[in-house]
Every structure is written in structure tokens, then in C-alpha cells.
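Notes to accompany the following structure.
Residue numbers (this note's numbering), protein chains in the order written: chain P, 133 to 252; chain E, 10 to 294.
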């Protein structure tokens with residue numbers, strides 16, 4: 133299955149980005165083949181609706197699970213309707229999160245914020 | 010030759026300086042005026058003008074509706090939307106109404122007529138009168154993201170009447186709601202408090218009116234001899250000080266009681282009549 137993680141740099145030992153909608157890059161990782169690729173986040177410079185746009189990209193790539201520290205309610209709606217599960221990431225690198233996910237250590241994210249509207 | 014209508018916008022950087030106080034009293038002193046309350050999140054001019062014969066009109070924006078059967082999934086609408094208000098889920102795009110700015114672009118760009126637009130009520134207008142003053146109040150529904158469409162509706166309703174003066178009571182600050190309110194104003198009255206805090210916010214609103222190339226003048230409200238920072242700034246920048254209204258507990262109390270001081274106090278009536286004359290002179294120049 134394919135999983136996605138918002139990352140600060142284009143490498144597996146990158147830290148996980150604190151934001152989903154405005155992360156600079158997304159990592160896509162296929163668990164069966166261990167293949168990965170990165171995408172620049174086109175939503176990063178948006179005036180608004182970054183979460184919606186980012187979630188669209190994640191869904192379009194056939195992602196089954198997103199690992200992220202936080203997620204807004206608009207992004208959550210797009211992801212949920214596109215049948216992408218959202219897990220709460222742990223502190224550490226993308227690789228550490230992938231390992232944690234594969235050994236069932238991650239829980240689902242269940243609180244979604246209203247968006248930061250240009251702040252934080 | 011008919012007299013040219015003068016549109017006066019009353020604004021301030023800091024809230025609570027006295028925009029409504031100045032706006033309602035200026036309107037009441039004019040022989041023929043329209044008072045437009047564009048502070049649509051929290052209109053309060055009506056508390057002083059107490060308009061009669063009030064009628065209501067809804068204000069709506071349009072929201073796109075997507076026909077799943079006609080949609081071919083090209084996503085031109087999703088890519089077009091600069092507000093990212095659309096997401097393609099399943100068989101058709103879906104709109105996030107809080108994010109949509111009602112630009113109508115998605116309906117225009119769809120190649121197969123799958124997008125129609127339906128009205129959504131976001132607020133309403135209340136139209137009445139106080140003696141010779143037409144009073145138009147805009148009210149934005151609680152929870153709505155943008156007051157701009159309601160402000161547009163207020164201004165449009167006001168433009169349907171031909172009175173000598175239009176007094177636009179603006180929202181506080183310098184956000185897009187303020188810019189929308191003053192866009193077609195002939196003159197901007199900047200109401201400021203002479204304290205350091207008041208001056209700091211005054212500088213922001215002065216910058217805005219300069220950017221929009223609006224002629225302006227200052228009303229120093231709650232003036233007292235000990236606060237001279239604003240006087241000094243106006244002198245240095247050559248900004249006309251139209252009048253100074255002294256700080257007075259009597260005036261503050263009258264305000265708290267919802268009184269129109271220009272009608273109950275003859276000194277105040279004189280101050281506001283002179284202010285109106287001064288503005289007229291500044292505009293004609």
C-alpha cells in the first residue's frame with residue numbers, strides 16, 4: 133500500500149513537517165516494494181485552502197494512509213471522502229515513522245483544527 | 010445645475026475612537042443625507058439614529074453546484090480555483106463554502122455546463138429613516154467569513170438614492186472590508202484619539218488612504234491639552250485637522266445612553282455643522 137508523509141527535506145531521514153497543508157514536500161512510500169518518491173507541495177504558496185489542495189494531491193496519488201502530526205478539518209474531509217486514513221505521526225524522521233506504522237505503533241489522528249488563517 | 014453628491018467615508022485605525030459618533034452626528038446635521046453602516050459585523054449607528062419604517066432585504070452570494078451526470082472529470086474548475094475551494098472527490102467536484110469567494114469562475118470555465126450557481130444568504134440589509142436621514146444598515150450573519158458582499162449591497166442600496174451627502178460608517182482597521190467601504194468615497198474623515206496608542210493605529214489608516222489616493226482630513230476626538238503627539242504628526246505631515254472634539258464625560262455618558270448629541274446639545278450641533286461645512290470646502294477645492 134502507499135503511504136504519504138509531509139517532510140521538510142527530500143530524504144527518508146528528513147524530519148516530519150509540523151504542518152500538512154504547507155509542508156514543502158510530500159514523501160510517498162510503497163510498503164510492498166519499499167520504493168519512494170517526493171513531490172513539491174503546490175499548496176505551500178496558496179493564500180488559503182492549502183489543506184484542501186494538499187489533500188487532493190495525496191488522494192490523487194492513490195495513498196491509503198497519511199502520517200502527519202496535525203491536520204485541518206477541510207483536509208480531513210477531503211481525505212476521509214477519498215478513503216485515506218490519517219495517522220498521528222511521532223517525533224522523529226520519516227523513516228522512523230514508516231517503521232512505526234508498519235509495526236502498528238501509530239494511532240489514528242482524531243482531532244482536526246480549524247485552520248490557521250495566515251497565522252502560526 | 011444640481012448639487013454634486015459628496016460621499017464621505019469615516020474611518021479609524023483603532024476601534025472605539027468615535028467613527029459612529031462622528032458619522033451619525035454628521036448625518037443628522039445635514040439637510041439631506043444617507044447614512045450607510047458598513048461595519049457589518051457589528052453595526053451600531055442604528056442605536057443612535059433609531060430609524061423608523063424599517064424594511065429588510067436579504068443579501069446572498071452564489072455558490073457553485075456540480076451536476077455529477079454532466080461532469081466529465083476534466084478538473085478544469087478545480088485547477089482554476091485560486092482559492093482552492095474545490096476538491097474532486099468521487100464523481101464530481103465538491104465546494105467548501107467557507108473558502109469559496111463566489112467569483113463565478115468555475116461555472117464559466119466548465120466545458121460541459123455541469124456547474125450552476127445557487128444563492129446562499131449571508132446577511133441582510135435594514136433600510137429606514139431618521140427625519141431627513143436615510144439609514145441603511147448592513148448585517149453579516151454570525152459565522153460568515155467575509156463581510157465584503159454585504160458591504161457591496163449596502164453601498165449599492167445607497168447609490169439608488171440622491172441625497173446631498175452620503176456618510177459611510179466604516180469598519181475599524183484597514184482590512185479588505187474597509188477598502189471596499191471607501192473605494193468610491195470622495196473624501197475620508199480619519200477619526201483618531203490623541204493618545205500614543207491611537208496615533209500608532211492612525212498611522213496605519215493614513216497610509217491606507219494615501220495608497221488609495223483619497224483626500225483626507227482628521228477629526229481628533231476625545232482631545233485634551235496633554236496629548237499633543239497627533240497634532241504634531243498632522244502638522245509635520247500637512248494633514249488637515251478638520252476639528253477637535255474635546256474629551257468630556259458628559260459626551261461619553263450621552264453616547265452610552267444612545268443619544269444623538271447634535272440634536273440634544275447645541276454646542277455639539279455647531280461643531281458638527283461646522284465640520285460638515287469644512288468637509289464640503291475641502292472637497293470642492
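Positions of the beta carbon are idealized from the N, C-alpha and C atoms, including for glycine.
Can you list, in chain order, the residues of the stretch 93-107 of chain E whose Cβ is nearer than 9 Å to any Cβ on chain P?
Answer set for the stretch 93-107 of chain E: 93, 94, 95, 96, 97, 98, 99, 103, 105 and 107.
* Where residue 78 of chain E sits in the DSSP three-state scheme -> In the structure shown, residue 78 of chain E sits in coil (DSSP, three-state: anything other than H, G, I, E or B).
### Task
Tell me the start and end of each unbroken alpha helix (DSSP H) in the stretch 198-259 of chain E that is at least 4 residues and wholly inside, in chain order.
205-220 and 238-246
Proximity to residue 233 of chain E [Cα-Cα], best of E/217, E/201 and E/248
E/201
So what's residue 13 of chain E in DSSP terms, helix, strand or just coil?
coil
Can you check whether the C-beta of residue 246 of chain P is within less than 7 Å of a C-beta belonging to chain E? Output row for residue 246 of chain P: interface = no.
Handout entry: Proximal residues of chain E, C-beta to C-beta of residue 155 of chain P below 8 Å
Key = Simply none; closest approach about 15 Å.
For residue 88 of chain E and residue 102 of chain E, the rounded distance between their alpha carbons: 11 Å
| query | Hey, does residue 196 of chain P have any beta-carbon neighbour from chain E nearer than 7 Å? | reply | Residue-level contact check: residue 196 of chain P does not touch chain E, since none of the beta carbons of chain E fall below 7 Å from its beta carbon.
Does the beta-carbon of residue 81 of chain E have 16 or more other beta-carbons within 10 angstroms, so that it is buried, or is it exposed? Taking every protein chain shown into account, the CB of residue 81 of chain E has fewer than 16 other CB atoms within 10 angstroms, so this residue is exposed.
- prompt: Among P/238, P/138, P/249 and P/180, which has the Cα closest to the Cα of residue 190 of chain P?
  reply: P/138
Neighbouring residues, chain E, relative to residue 213 of chain P (Cβ below 9 Å): Result: 96, 98, 99 and 103.
Review point. Relative to the C-alpha of residue 66 of chain E, which residue among E/272, E/230 and E/132 is closest?
Key: E/132
| message | Any beta carbon of chain E sitting closer than 7 Å to that of residue 210 of chain P? | response | yes
key: Which listed residue (E/123, E/128, E/134 and E/55) has its alpha carbon closest to that of residue 77 of chain E   = E/123
**Message:** Does the structure place the stretch 170-177 of chain P close enough to the stretch 200-208 of chain P that three or more beta carbon pairs sit under 8 Å?
**Reply:** no
- request: Could you pull out every residue in the same chain whose Cβ sits closer than 7 Å to the Cβ of residue 33 of chain E, ignoring the five residues on either side in sequence?
  value: 44, 54, 57, 58 and 269
Enumerated in chain order, which unbroken segments of the alpha helix (DSSP H) with a length of 4 residues or greater are wholly contained in the stretch 101-157 of chain E? Segments of the alpha helix (DSSP H) lying fully in the stretch 101-157 of chain E: 114-118.
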